[in-house]
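K.L.:
In the numbering used here, the protein residues as written are 185 to 492.
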Ligand SMILES: [Zn+2]
């Protein structure tokens, strides 16, 4: 379905619509993929700009966390990134480990006025814990720098979202292992990359561009890993949690599930759901069965009804 913006998962496109008893409502993990990975790039570094065409040519959405006080944040490449479907996020204006909120807000103003978008996620400069609380009143997610896997419906803090920083000169196989382990655990791994060898602004722990290209092509080749921005995978992860912890109300043979969405959650997001049978309706309209094996359910109505 084009409407949901979610990519099509691997597997059969001829799955029969469930015809059993109404029930068994659940959100499927990672939109039907085995696991998920998000690649984020910090600091508006020169080597990201120099190599943008190669990165963009990989054909998967990335997240670029702009440090808006750097002149590089004025480069026209970021508008191209946005137009190509990448996410632009907040990495503050000055990149300090201390902030009363004003520096974070300056970066938001820069991005929102320059690109006419809303900013939903940030990355904490230096992974500073200062931003965990600041982000709660401003964003859906704050990406940190400590590596861990994120599981469906788990209690990972979205305001210190874990991330893996590849070691300097990381090989493709070192990065492949981080995704292979996420995939086998059916979880989400995020990457925090500062730049590539050859930049002019001392990116932290730069990696070879070719190693990254080889790595992403390897992950694409696995076929069942969802590669998308922090915003898109994060909204699915948090949306699933919201629905899974929603309220079930029975009225005759009808069950209505209602949920609340987190603060600073984007509109227009979807999750994929299954049932054992019955008809799912939102705003009185039956959801069409998708023969890839799910219904696509909008999160904005904050309600769905299952009836015979
Ligand atoms: Zn940074």
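Using N, Cα and C, we set each Cβ at its ideal position, and we do this for glycine too.
It should be emphasised that the depicted structure is a prediction, and the values quoted were computed from it without experimental measurement.
Would residue 325 and residue 418 qualify as a contact pair, given that the criterion is a beta-carbon distance under 7 Å?
P.N.:
yes
K.L.:
In whole angstroms, give me the CA-to-CA distance for residue 200 and residue 208.
P.N.:
16 Å
K.L.:
Candidates 271, 225 and 429: which alpha carbon is nearest residue 299's?
P.N.:
271
K.L.:
Helix, strand or coil, according to DSSP, for residue 334 in the structure here?
P.N.:
strand
K.L.:
Answer yes if the segment 204-223 comes into contact with the segment 393-411, meaning at least three C-beta pairs across the two stretches below 8 Å, and no otherwise.
P.N.:
yes
K.L.:
So, helix, strand or coil for residue 226, using DSSP?
P.N.:
strand
K.L.:
Give me the residue from 451, 310 and 358 with the minimum Cα distance to residue 387.
P.N.:
310
K.L.:
Please determine, among 343, 288, 337 and 399, the residue with the shortest C-alpha to C-alpha distance to residue 428.
P.N.:
337
K.L.:
Taking 6 Å as the cut-off, does the CB of residue 267 come closer than this to any heavy atom belonging to ligand 1?
P.N.:
no
K.L.:
So for residue 444, helix, strand or coil by DSSP?
P.N.:
coil
K.L.:
Could you pull out every residue in the same chain whose Cβ sits closer than 8 Å to the Cβ of residue 344, ignoring the five residues on either side in sequence?
P.N.:
308, 313, 316, 326, 328 and 330
K.L.:
Can you tell me the Cα-Cα spacing of residue 192 and residue 477, whole angstroms?
P.N.:
11 Å
K.L.:
In whole angstroms, what is the alpha-carbon distance linking residue 453 and residue 481?
P.N.:
9 Å
K.L.:
Just the Cα atoms here: how many angstroms apart are residue 389 and residue 264?
P.N.:
26 Å
K.L.:
From the DSSP output, in three-state form, read off residue 301 for me.
P.N.:
If DSSP states are grouped into helix, strand and coil, residue 301 belongs with coil.
K.L.:
Along the chain, where does the beta strand (DSSP E) containing residue 466 start, and where does it finish?
P.N.:
Unbroken beta strand (DSSP E) run through residue 466: 463-466.
K.L.:
Name the one or two DSSP bridge partners that residue 282 has.
P.N.:
Beta-bridge pairing links residue 282 to no other residue.
K.L.:
Answer with buried or exposed for residue 432, where buried requires no fewer than 16 other C-beta atoms within 10 angstroms of its C-beta.
P.N.:
exposed
K.L.:
Is residue 276 helix, strand or coil by DSSP?
P.N.:
In the displayed model, residue 276 falls within coil according to three-state DSSP, outside both helix and strand.
K.L.:
Quick one: residues in its chain with C-beta nearer than 7 Å to the C-beta of residue 382, no 5 flanking neighbours on either side, listed in chain order?
P.N.:
231
K.L.:
Please return the same chain residues whose Cβ sits closer than 6 Å to the Cβ of residue 384, not counting the five positions on each side in sequence.
P.N.:
230
K.L.:
Rounded to whole angstroms, what is the Cα-Cα separation between residue 249 and residue 211?
P.N.:
30 Å
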